[in-house]
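Engineer:
There are 2 protein chains.
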Amino acid sequence: MSAPSFRPLYDQIKILITQSLIAGEWRPGEAIPSEMELASHFGVSQGTVRKAVDELAGENILVRKQGKGTFVATHDEEHTQLRFLRIHADSGEKEYPRSEVVDCRRDKVAPELARALELRPGAPVYVVKRRLIFSGKPLVFDEIVLSAPLFKGLSAPRLNEFKGSFYSFFEIHYGLRMIRAEERLTAVAAAEEAAQHLDVPLGTPLLCVDRIAFTYGDKPVEWRRGLCHTAGHSYYNELA
Amino acid sequence: MSAPSFRPLYDQIKILITQSLIAGEWRPGEAIPSEMELASHFGVSQGTVRKAVDELAGENILVRKQGKGTFVATHDEEHTQLRFLRIHADSGEKEYPRSEVVDCRRDKVAPELARALELRPGAPVYVVKRRLIFSGKPLVFDEIVLSAPLFKGLSAPRLNEFKGSFYSFFEIHYGLRMIRAEERLTAVAAAEEAAQHLDVPLGTPLLCVDRIAFTYGDKPVEWRRGLCHTAGHSYYNELA
DNA sequence: GAGTGGTCTAGACCACCCC
DNA sequence: GGGTGGTCTAGACCACTCT
Numbered sequence: 001m002s003a004p005s006f007r008p009l010y011d012q013i014k015i016l017i018t019q020s021l022i023a024g025e026w027r028p029g030e031a032i033p034s035e036m037e038l039a040s041h042f043g044v045s046q047g048t049v050r051k052a053v054d055e056l057a058g059e060n061i062l063v064r065k066q067g068k069g070t071f072v073a074t075h076d077e078e079h080t081q082l083r084f085l086r087i088h089a090d091s092g093e094k095e096y097p098r099s100e101v102v103d104c105r106r107d108k109v110a111p112e113l114a115r116a117l118e119l120r121p122g123a124p125v126y127v128v129k130r131r132l133i134f135s136g137k138p139l140v141f142d143e144i145v146l147s148a149p150l151f152k153g154l155s156a157p158r159l160n161e162f163k164g165s166f167y168s169f170f171e172i173h174y175g176l177r178m179i180r181a182e183e184r185l186t187a188v189a190a191a192e193e194a195a196q197h198l199d200v201p202l203g204t205p206l207l208c209v210d211r212i213a214f215t216y217g218d219k220p221v222e223w224r225r226g227l228c229h230t231a232g233h234s235y236y237n238e239l240a
Numbered sequence: 241m242s243a244p245s246f247r248p249l250y251d252q253i254k255i256l257i258t259q260s261l262i263a264g265e266w267r268p269g270e271a272i273p274s275e276m277e278l279a280s281h282f283g284v285s286q287g288t289v290r291k292a293v294d295e296l297a298g299e300n301i302l303v304r305k306q307g308k309g310t311f312v313a314t315h316d317e318e319h320t321q322l323r324f325l326r327i328h329a330d331s332g333e334k335e336y337p338r339s340e341v342v343d344c345r346r347d348k349v350a351p352e353l354a355r356a357l358e359l360r361p362g363a364p365v366y367v368v369k370r371r372l373i374f375s376g377k378p379l380v381f382d383e384i385v386l387s388a389p390l391f392k393g394l395s396a397p398r399l400n401e402f403k404g405s406f407y408s409f410f411e412i413h414y415g416l417r418m419i420r421a422e423e424r425l426t427a428v429a430a431a432e433e434a435a436q437h438l439d440v441p442l443g444t445p446l447l448c449v450d451r452i453a454f455t456y457g458d459k460p461v462e463w464r465r466g467l468c469h470t471a472g473h474s475y476y477n478e479l480a
């Protein structure tokens, strides 16, 4: 048996709330009903709803604000907008890099990515290439792969016009909320394309960050490979 | 004012439990008193103790085991012993690398590390160099710096004799529990020493992982730099 | 069966936000 | 003042472990 024989009530409530989020019942940034309302709606005590919401808040899916309410998390807020960007200056200063899309075209998904993105082989995708510019210096060259049907009408100008992060763009224009991601890091030597865009000699050691990002229900939506010239910068991580 | 005007009871309980841990009242792996005992000892309800213990368990400082009790977390257990090792094979297979200490000597702390380790300039330290060998291949070359007074009598043979991770060794022989760490990753070209120990050509791109590890009360205890040849392996990270 | 942590409830009161 | 989330309590019952 893989299914647990016992399912706590708060766990079921968690699932029901998640389903409402998937269904788009409440949009990113909006408030969800109060704990008392949810409790009476689901026919449980406030404490049980609390535990469910606590866990969803711990997963950065909801955000609690004392005295105001509980809100659907978004990538559009000040302190969370660069949640997934781990590249920081050694000085510790906060930086808001500028994104510069250099290419955006339709293609067929590469075989090795089809599985990761749960697409059928040869499915249509958008491939976006962009640079991230930190204080005038191009430090990251990203290649991003997105399922074409999910991102109809994507284009370089639309991405470049947008003020905000890619994930904020995905939320606003496609209703897709990225809630978690898995990354795998390696060190590689700069090949021609990356060397050009990052303005470094061929063979320069680069941090290679492969990411798969997921939306509600652990559905993979984005694959990306970031090549990072770690000059005065590093990838920061906390282990607990 | 930086101190919060309001301190929840469970937060105070958390601090009291942490102080008992610092004082060595319960040793790693041992059970702490039951929730009911703690509750009556502190004069609060079981629910309040629960919340305190929940948070400490969330920080991997305590481990709850239903029906048995609550235990002081340790690096010596099966599933947690490689908690801080993020290098994994691309295949996803679990590997237990072999550690091979190649050098261990006393030295004075480097100026740039003194601050990070909260030592006075020139304080005595041990500098340990070791390789991690994955399925016969040396993939990581570590340089580890530890305050000498804290680690009296450290030596290469003692480290090599020990069956288990470094952090498990620290717990058992020095009573120091590593509870969290900060890492900064960059990509570098292999210099001579690393190239030799990792058996790669000079200039091979390597993942450079700088770590500071902390014990109870956020006290820094260890600095280390790991140079990793990411051949068939990568540094895995989850973003949430 | 006795002891542990895990769930759930109902109700009181506090801190914060906004009208 | 009325709404929200945040804390704390007391007590009931469930699930798990060991003896």
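From first to last, the protein sequence lines stand for chains A and B.
So for the first sequence, the numbering used here puts the first residue at 1; every next one is plus one.
So for the second sequence, the numbering used here puts the first residue at 241; every next one is plus one.
C-beta atoms are modelled at their ideal positions from N, C-alpha and C, and glycine is treated no differently.
(1) When DSSP labels each residue in this structure, what does B/ASP294 get in the three-state scheme?
(2) Quick one: which residues of the segment 132 to 150 of chain A get their C-beta closer than 8 angstroms to a C-beta of chain B? List them in chain order.
(3) Under 7 angstroms, do A/VAL221 and A/ALA213 count as touching if we go by C-beta distance?
(4) In terms of residue numbering, what span does the alpha helix (DSSP H) encompassing B/LYS377 cover?
(5) Who are the near neighbours of A/ALA187 in its chain, counting only those whose CB is closer than 8 angstroms to its CB and skipping five residues on each side?
(6) Please give me, in chain order, every unbroken run of the beta strand (DSSP E) with length at least 3 that falls completely inside the segment 387 to 439 of chain B.
(7) Under 7 angstroms Cβ-Cβ, which residues of chain B neighbour A/ALA189?
(8) Would a C-beta distance cut-off of 7 angstroms place A/ALA31 and A/PHE71 closer than the cut-off?
(9) Mind checking the segment 113 to 132 of chain A against chain B and listing, in chain order, the residues whose C-beta falls within less than 8 angstroms of any C-beta there?
(10) Under three-state DSSP, which class holds A/TYR216?
(11) So is A/ILE17 buried or exposed if we call it buried at 16+ other beta carbons inside 10 Å?
(12) Tell me the DSSP bridge mates of A/LEU82?
(13) Can you look up A/ALA39 in the DSSP assignment and give me helix, strand or coil?
(14) Considering only the alpha carbon of each residue, which of B/VAL289, B/ALA329, B/GLU432 lies closest to B/PHE381?
(15) With distance defined between alpha-carbon atoms, name the residue in A/ALA194, A/PRO121, A/LYS94 nearest to A/HIS233.
(16) For B/MET241 and B/VAL284, I'd like the C-alpha separation in whole angstroms.
(17) Below 8 angstroms, can you find three or more Cβ-Cβ pairs linking the segment 99 to 109 of chain A to the segment 146 to 164 of chain A?
(18) According to the neighbour-count rule (16 or more other Cβ atoms, all chains shown, within 10 Å of its Cβ), is B/ARG424 buried or exposed?
(19) Over the uninterrupted alpha helix (DSSP H) stretch that includes A/THR18, give me the two end residues.
(20) Go to A/ALA73, then tell me how far its alpha helix (DSSP H) extends in each direction, as first and last residue.
(21) With three or more C-beta pairs closer than 8 angstroms as the rule, is the segment 463 to 470 of chain B touching the segment 366 to 384 of chain B?
(22) Taking just the CA atoms, how far does A/ASP90 sit from A/ALA190?
(23) Alpha carbon to alpha carbon, how far is B/HIS469 from B/GLN252?
Structural biologist: From the atom records:
(1) For the purposes of this step, residue 294 of chain B is taken as the residue at position 54 of the second sequence. Looking at B/ASP294 - three-state DSSP - the assignment turns out to be helix.
(2) none
(3) Within the first sequence, residue 221 of chain A is the residue found at index 221, counting from 1. Within the first sequence, residue 213 of chain A is the residue found at index 213, counting from 1. Yes, Cβ-Cβ distance for A/VAL221 and A/ALA213 is below 7 angstroms.
(4) In the second sequence, the residue the question calls residue 377 of chain B occupies position 137. From DSSP, B/LYS377 is part of no alpha helix (DSSP H) but of the beta strand (DSSP E) over 377 to 387.
(5) For the purposes of this step, residue 187 of chain A is identified with residue 187 of the first sequence, where counting begins at 1. Excluding sequence neighbours, A/ALA187 sits near PRO205, LEU206, LEU207, CYS208.
(6) 420 to 429
(7) In the first sequence, residue 189 of chain A corresponds to position 189, counting from 1. Result: PRO445.
(8) Here the question's residue 31 of chain A lines up with position 31 in the first sequence. Here the question's residue 71 of chain A lines up with position 71 in the first sequence. Yes.
(9) none
(10) For this step, residue 216 of chain A is matched to residue 216 along the first sequence. Residue state, collapsed to three classes: helix.
(11) Here residue 17 of chain A is taken as the residue at index 17 of the first sequence, counted from 1. So A/ILE17 counts as buried.
(12) In the first sequence, counting from the first residue as 1, residue 82 of chain A sits at position 82. Per DSSP, none; premise fails for A/LEU82.
(13) By 1-based counting over the first sequence, the position of residue 39 of chain A is 39. Correct three-state label for A/ALA39: helix.
(14) In the second sequence, the residue the question calls residue 381 of chain B occupies position 141. Among B/VAL289, B/ALA329, B/GLU432, the Cα nearest to that of B/PHE381 is on B/GLU432.
(15) Here residue 233 of chain A refers to the residue found at position 233 of the first sequence. Nearest option by C-alpha distance: A/LYS94.
(16) To locate residue 241 of chain B, count along the second sequence from 1; it is residue 1. To locate residue 284 of chain B, count along the second sequence from 1; it is residue 44. Unreliable positioning characterises B/MET241 in this predicted model, as indicated by a pLDDT of 43, which lies under 50. A coordinate reading is not provided.
(17) yes
(18) If you number the second sequence from 1, residue 424 of chain B lands on position 184. Buried is the call here.
(19) As a first step, residue 18 of chain A is located in the first sequence; it is residue number 18 there, counting from the start. Unbroken alpha helix (DSSP H) run through A/THR18: 9 to 22.
(20) Here residue 73 of chain A refers to the residue found at position 73 of the first sequence. Premise fails: A/ALA73 is in no alpha helix (DSSP H) and is neither H nor E.
(21) yes
(22) As a working note, residue 190 of chain A is residue 190 in the first sequence. As a working note, residue 90 of chain A is residue 90 in the first sequence. Roughly 22 angstroms between the two C-alpha positions.
(23) Against the second sequence, residue 469 of chain B aligns to sequence position 229. Against the second sequence, residue 252 of chain B aligns to sequence position 12. So the two alpha carbons sit approximately 45 angstroms from each other.
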